[in-house]
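For reference, the structure is listed below as structure tokens.
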Amino acid sequence: MKNMAREPSPVLFLLLLAVVIALCIYTPTRFFIKFTVLFGLPFLLLLAWWRRLKRFSPAWILASLGMIVLLTVYGLEMAEFPQKLRVKEITMQGDVLLAQGKYDEAVAKYKEMEKIDPEKAREKMAVALQQKRYREDYLKAKKLVEQGKKEEAKRLLSSIPSTARVHSEARDLLRRLEEEP
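For the sequence shown, the working numbering gives the first residue as 633, with consecutive numbering after it.
Structure (structure tokens):
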């Protein structure tokens, strides 16, 4: 009989590769892979070492305890996995809204994670509200310029820090005001 060994189809290989890449792009899968690798690799190294040791020797007991600790921590991390994933998703959505200048919507989005991670929710809401204030200060300074109150506008523009999303616009307006006679 002929040897019926067949090579795998390149189309099948490309399809499998596309699925793996898609899974790695998908946030829950990335999150899961990160934790599994973080705890799985040390576990496998300990397991390989443990199998070579004499049973019930101090090193064998130490390796056993190390594997138990790694499995326990991994289990605890996986138990919190849905909450951590939800916080990450809310944070990403809120950050997009913040970058788009939708400050109130970003605050509302961050508020959704108050029950899961109140500290991070407060921190993110504070940042969004601060960015909103900077934007309001910039718009107020523009109105002051239109009203001819340039010194007051300069003072307000100077108070906007470099961490503000509107800093470049504020800096440009301040530069134009300082160049005018």
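Even for Gly, the Cβ is constructed at its ideal location relative to N, Cα and C.
field: Buried or exposed by the 16-neighbour rule on C-beta atoms within 10 Å, applied to MET757
entry: buried
Integer-rounded CB distance, given that GLN763 should sit under 8 Å from LEU730: 6 Å
message: Quick check: the stretch 726–742 against the stretch 704–717, are at least 3 beta-carbon pairs closer than 8 Å?
response: no
query: In chain order, which continuous runs of the alpha helix (DSSP H) of length 4 or greater are located wholly inside the stretch 639–664?
result: 642–657
query: Under the rule that 16 or more other beta-carbon atoms within 10 Å means buried, what is ALA680, buried or exposed?
result: exposed
task: With PHE713 as the anchor, note down where its alpha helix (DSSP H) starts and where it stops.
output: 713–731
task: Could you pull out every residue in the same chain whose Cβ sits closer than 6 Å to the Cβ of PRO642, ignoring the five residues on either side in sequence?
output: none
query: Could you give the residue range of the alpha helix (DSSP H) that holds LYS757?
result: In the sequence under discussion, the amino acid at residue 757 is Met, which differs from the Lys named in the question. Element bounds for MET757: 750–778.
message: Helix, strand or coil for VAL798? Go by DSSP, reduced to three states.
response: coil
Backbone CA spacing between ARG638 and GLU709 [nearest angstrom]: 43 Å
message: Once DSSP output is grouped into helix, strand and coil, what is the label at ILE700?
response: helix
task: Determine the extent of the alpha helix (DSSP H) in which ARG835 is found, giving its start and end residues.
output: Nothing about residue 835 can be read from this structure; the chain reaches only from 633 to 813.
- prompt: Can you tell me the Cα-Cα spacing of ALA785 and THR723, whole angstroms?
  reply: 34 Å
query: Using DSSP with H/G/I as helix, E/B as strand and the rest coil, what is LYS686?
result: coil
message: Among the candidates ALA711, ARG767, VAL701 and LYS747, whose CA atom is the shortest distance from the CA of GLY733?
response: ARG767
- request: Tell me whether GLU737 sits in a helix, a strand or coil according to DSSP, three-state version.
  value: helix
task: Kindly give me the distance between the Cβ atoms of MET699 and PHE675, rounded to whole angstroms, as I take these residues to be in contact under 8 Å.
output: 6 Å
Straight-line gap, ARG687 to LEU649 (C-alpha atoms, nearest Å): 42 Å
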